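Q: Just so you know, the sequence shown maps onto residues 72 to 285 in this note's numbering.
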Amino acid sequence: MNKANAAQDSPWPVLVTAQAANSQPEPASEPSSEPACFAVLMNRKAFRKSREAGYPWIIHPATGRLLPWPEKPAIVSLSEGAGCYLLKITPAPRPYGTQPPPQINPDSRQNVNIPEKNASAEPAASVMQTLTQLIAKRRHEMPEGSYTTHLFREGLEKIRKKTGEEAVELLLAQTPQDIIYESADLVYHLLVLLEASGLSWSEVTGELERRHTS
72 MNKANAAQDS
82 PWPVLVTAQA
92 ANSQPEPASE
102 PSSEPACFAV
112 LMNRKAFRKS
122 REAGYPWIIH
132 PATGRLLPWP
142 EKPAIVSLSE
152 GAGCYLLKIT
162 PAPRPYGTQP
172 PPQINPDSRQ
182 NVNIPEKNAS
192 AEPAASVMQT
202 LTQLIAKRRH
212 EMPEGSYTTH
222 LFREGLEKIR
232 KKTGEEAVEL
242 LLAQTPQDII
252 YESADLVYHL
262 LVLLEASGLS
272 WSEVTGELER
282 RHTS
């Protein structure tokens, strides 16, 4: 990733103003409302997704993942300012807490460790099993605030589209770190797609084994 792209992927603070539901826009001659005290971050990917969806996507302070703003408030306006994003929403449900989130960039690959080529496959298999079980649990329980829950609520076609988007991002990845990060994103969304389709990862590995032994 070049320096220009890295700068675009860095999270920026979001200056949020709230407009009451069904309220009339303020006349241009009147001062704008005071910024709401919401401590949120948004990077380039979140900005793009927000513009496409019509409701804000922000960086979760605990996990660093991109998640929709709870209750999906409508975007009145969204633009880039000087070192920040300017967001007006209506109504204004509280985001993920009021404390400033840590400086997490979920699109940063600087700390990704590239495993040795002869590393054991057993830990990877264990991770896949744990992840598939967690995704199935999320689909059964549908906990609030979970990105996986959000995907299941969007439905199968949206999950297909999102998986396709992640595949494109992998194709565009240039550095080893980028390829690893985007591959992990794609595998996760593929597992969600399989679960939503009533299929399992073991069926995929079974097909791979069949091809290998045939």
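Each residue gets a CB set at the ideal place from its N, CA and C atoms; glycine is no exception.
The structure displayed is predicted, hence computed values, not measured ones.
#1: Kindly indicate which residue of GLU237, SER121, MET199 and GLY152 has the alpha-carbon position closest to the one of PRO139.
#2: One question on the structure: do ILE129 and VAL147 come within less than 7 angstroms of each other, judged by their Cβ atoms?
#3: What's the gap between the Cα of PRO173 and the Cα of TYR126?
#4: Tell me the rounded alpha-carbon separation between LYS143 and LEU262.
#5: Quick check: what's the CA-CA separation for ALA196 versus SER150?
#6: Using CA atoms only, rank isn't needed, just tell me which of ASN114, GLY269, MET113 and ALA117 is closest to THR203.
#7: By Cβ distance below 8 angstroms, which residues in the same chain neighbour HIS221 in space, the five residues on each side in sequence not counted?
#8: Does the Cβ of HIS131 have 16 or more other Cβ atoms within 10 Å, making it buried, or fewer, making it exposed?
#9: Taking the alpha-carbon positions, what's the SER254 to HIS211 distance?
#10: Helix, strand or coil for TRP272? Go by DSSP, reduced to three states.
A: Well, looking at it:
#1: SER121
#2: no
#3: Confidence at PRO173 is low in this model, with a pLDDT of 39, below 50, so the placement of that residue should be treated as unreliable; the coordinate-derived value is given next. Near 23 angstroms, if we compare the C-alpha coordinates of TYR126 and PRO173.
#4: 25 angstroms
#5: 43 angstroms
#6: GLY269
#7: LEU138 and PRO139
#8: buried
#9: 26 angstroms
#10: helix
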